[in-house]
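Residue numbers (the numbering used here): 697 to 937.
Cβ atoms here follow ideal geometry from the backbone N, Cα and C, with glycine treated the same way.
Shown next, in structure tokens, is the structure this report addresses.
Listed below in structure tokens is the structure:
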């Protein structure tokens, strides 16, 4: 069915439109499905869950895993819980993750997937004008390590981080749990879409120093104006894996 649909999209001349939509909707695991299925993950940590887009992808490659999702925006959290109601191997936390606990003001965007704990940079607004407007929303922040007692981690474990420029803070707050990750998928900025965000080089360095190695990337987001790469989802695994 997927092959037939893709052929129809190509014939209709809609490939660029559909691929662009996929870029904006989150992490698409299909190109790596066989490899990830073979990992037989028992636990998935979904950091920056939004309304559950990644949960559906994770279920395809890890049908028996326990999935823990973390989402700070109230309406997105509620939509996420409603979507996964009845799934006994799923639990959501209404919280943002960072390097220290507390309460902060989040920049809640009209396009919820562009919301961030960091102010949006002008480059983002220029590339995607529909994301220009944000409003404040107070959210709780916790360190992933501080939540360990509330998580039942079984390995192999997949850690996905998609937090709009706040990736380095999440990693800094996950020192112990990070050691249990068998695969990390992290959204990394090539250009600064948020003020003060860590870029790919920063994330690469942090994970390298913690014993992980870069294994490639996918789902690159391109500027609709000049085609340059703005961000990409990068794979990391422990050295020697």
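Query                                                                                                                                                                  : Result
What's the gap between the Cα of residue 924 and the Cα of residue 918?                                                                                                : 5 Å
Near residue 911, what residues of its chain come up, given a Cβ to Cβ distance below 7 Å and the 5 sequence neighbours on each side ignored?                          : 931, 932 and 933
Quick one: what does DSSP say residue 857 is sitting in, helix, strand or coil?                                                                                        : strand
Are the stretch 873-880 and the stretch 769-778 touching by the rule of at least three beta carbon pairs closer than 8 Å?                                              : no
Looking at the secondary structure, which residues open and close the alpha helix (DSSP H) in which residue 912 lies?                                                  : That residue, residue 912, is in no alpha helix (DSSP H); its beta strand (DSSP E) goes 908-918.
How far does the alpha helix (DSSP H) with residue 901 in it reach, from first residue to last?                                                                        : 896-905
Tell me whether residue 734 is buried or exposed, calling it buried when 16 or more other Cβ atoms sit within 10 Å of its Cβ.                                          : exposed
Any idea if residue 822 is buried or exposed, counting beta-carbon neighbours within 10 angstroms, 16 or more meaning buried?                                          : exposed
Of the residues 777, 778, 849 and 805, which one's Cα is nearest the Cα of residue 829?                                                                                : 805
Residue 820: buried (16+ other C-beta within 10 angstroms of its C-beta) or exposed?                                                                                   : buried
Is it the case that the stretch 834-842 contacts the stretch 880-894, given that we only count it when at least three CB pairs across the two stretches are under 8 Å? : no
Taking only the alpha-carbon atoms, compute the straight-line gap between residue 730 and residue 913 and give it to the nearest angstrom.                             : 16 Å
Pull the bridge partners of residue 831 from the DSSP assignment, please.                                                                                              : 804
For residue 809, which residues of its own chain have a beta-carbon under 6 Å away from its beta-carbon, when the five flanking residues on both sides are left out?   : 746
Output the boundary residues of the alpha helix (DSSP H) element that contains residue 841.                                                                            : First-last for residue 841: undefined, no H or E at that position.
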